[in-house]
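Read the structure below first, then the notes.
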Amino acid sequence: MTLKCAFQLGIPDIINKHGKPMTLNELVSALTINLSKTQCFFAQQKLVSSGNNNDEEQGYVLTNASKLLLKDNPLSEYAGDESKLNNFFNEAMASDARLATSVMIQKCKNVFEGLNSLVDVGGGTGTAAKAIAKAFPKLECTCFDLPHVVNGLESDLVNLKYVGGDMFKAISPAYAVLLKWILLDWNDEECVKILKKCKEAITRDGKKRKVIIKDMIKENRKKDYKSIETQLFFEMFMMVLLTGTERDEKEWAKIFADSGFSDYKIIPILGLRSLIEIYP
Numbered sequence: 001m002t003l004k005c006a007f008q009l010g011i012p013d014i015i016n017k018h019g020k021p022m023t024l025n026e027l028v029s030a031l032t033i034n035l036s037k038t039q040c041f042f043a044q045q046k047l048v049s050s051g052n053n054n055d056e057e058q059g060y061v062l063t064n065a066s067k068l069l070l071k072d073n074p075l076s077e078y079a080g081d082e083s084k085l086n087n088f089f090n091e092a093m094a095s096d097a098r099l100a101t102s103v104m105i106q107k108c109k110n111v112f113e114g115l116n117s118l119v120d121v122g123g124g125t126g127t128a129a130k131a132i133a134k135a136f137p138k139l140e141c142t143c144f145d146l147p148h149v150v151n152g153l154e155s156d157l158v159n160l161k162y163v164g165g166d167m168f169k170a171i172s173p174a175y176a177v178l179l180k181w182i183l184l185d186w187n188d189e190e191c192v193k194i195l196k197k198c199k200e201a202i203t204r205d206g207k208k209r210k211v212i213i214k215d216m217i218k219e220n221r222k223k224d225y226k227s228i229e230t231q232l233f234f235e236m237f238m239m240v241l242l243t244g245t246e247r248d249e250k251e252w253a254k255i256f257a258d259s260g261f262s263d264y265k266i267i268p269i270l271g272l273r274s275l276i277e278i279y280p
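Position one of the sequence shown corresponds to residue 1 (UniProt numbering), numbered consecutively onward.
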């Protein structure tokens, strides 16, 4: 709760904008709320560390952890400047991708059959793209991610290549676009922008193509404590690090419609995860 208050009050951004150690009085004055009600909000001192100031009054600066809460410094950009975090994040995503992709290929083989090309957007170091390329040798696969993620990566598979870029600007054209745990990270407006770029990427020759989404669909499982606990964990993770949220089927359907897609199909694959095919 303390973390949520600090984030909603914009405390990390206020300290960052100040440009030097910020005293408690300066921080209180910068908040856009009733000053008489601010005292209980300063228990978040674990998010900041003491810094030297010219006077004797204690000042506060951001720690590496609290920099993740900056609204103009999303996790992907921060990872680009911090090699250790970048490697840790990519390894974590690769570990998850190994399990989920093997299940996806096993249970949803028909989803990939008949495709000539596929681009894995936000594909990280290519763990999922490699598995798909091996399972479907005739399928031309592209692992598409930010330049700092894919720079220097090479594939030993003839049907897999790496491309650096920004999914908000343009996505490599293909018969299908794969989004694994991508839309969960973004708010509705940002998801619509991403999906519109996906639609542009698959729009060629008037042929029927699709976007394949592997993500979580929120359900009301009152008697399933573990499912509820997992959903709450992801909600907290999204709130702290990113702008995204979990969504139920109705919320997903609205995003698809707002992005210009006419139909979708949901295939449950692993726990709370599902595969969603959406069509123009």
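Ideal Cβ placement from N, Cα and C applies to all residues, glycine included.
All of these numbers come straight from a predicted model, not from anything done at the bench.
Pick out whichever of G19, N159, T23, S29 has its Cα sitting closest to the Cα of L9. The candidate whose alpha carbon is nearest that of L9 is S29.
Burial state of R247, where buried means 16 or more other Cβ atoms lie within 10 Å: Counting other Cβ atoms within 10 Å of its Cβ, R247 reaches 16 or more and is therefore classed as buried.
Indicate the three-state DSSP secondary structure (helix, strand or coil) for F144 in the structure shown. In the three-state reduction of the DSSP assignment, F144 falls in the strand class.
Contact under 8 Å by Cβ, V149 with G124: Their beta carbons are under 8 Å apart, which means V149 touches G124 by this criterion.
Report yes if the C-beta distance between A100 and T142 is below 8 Å; otherwise report no. Contact flag unset, no.
In whole angstroms, give me the CA-to-CA distance for residue 281 and W186. Missing from the structure shown is residue 281; the chain here goes from 1 to 280 and no further.
So, is G19 buried or exposed, given that buried needs 16 or more other C-beta atoms within 10 angstroms? That one is exposed.
At the level of alpha carbons, what is the spacing between L139 and A170? If you take the alpha carbons of L139 and A170, they lie about 21 Å apart.
Judging by CA-CA distance, which residue of N110, E113, I14, I105 is the nearest neighbour of A128? Of the candidates N110, E113, I14, I105, the one whose C-alpha sits nearest the C-alpha of A128 is I105.
For V192, is the classification buried or exposed, using 16 other Cβ atoms within 10 angstroms of its Cβ as the cut-off for buried? V192 comes out buried.
I'd like to check one pair, L118 with L178: are the Cβ atoms closer than 8 Å? Against a cut-off of 8 Å, the Cβ pair of L118 and L178 comes out as a contact.
How long is the line joining the alpha carbons of S66 and T245, rounded to whole angstroms? The C-alpha of T245 is placed about 20 Å away from the C-alpha of S66.
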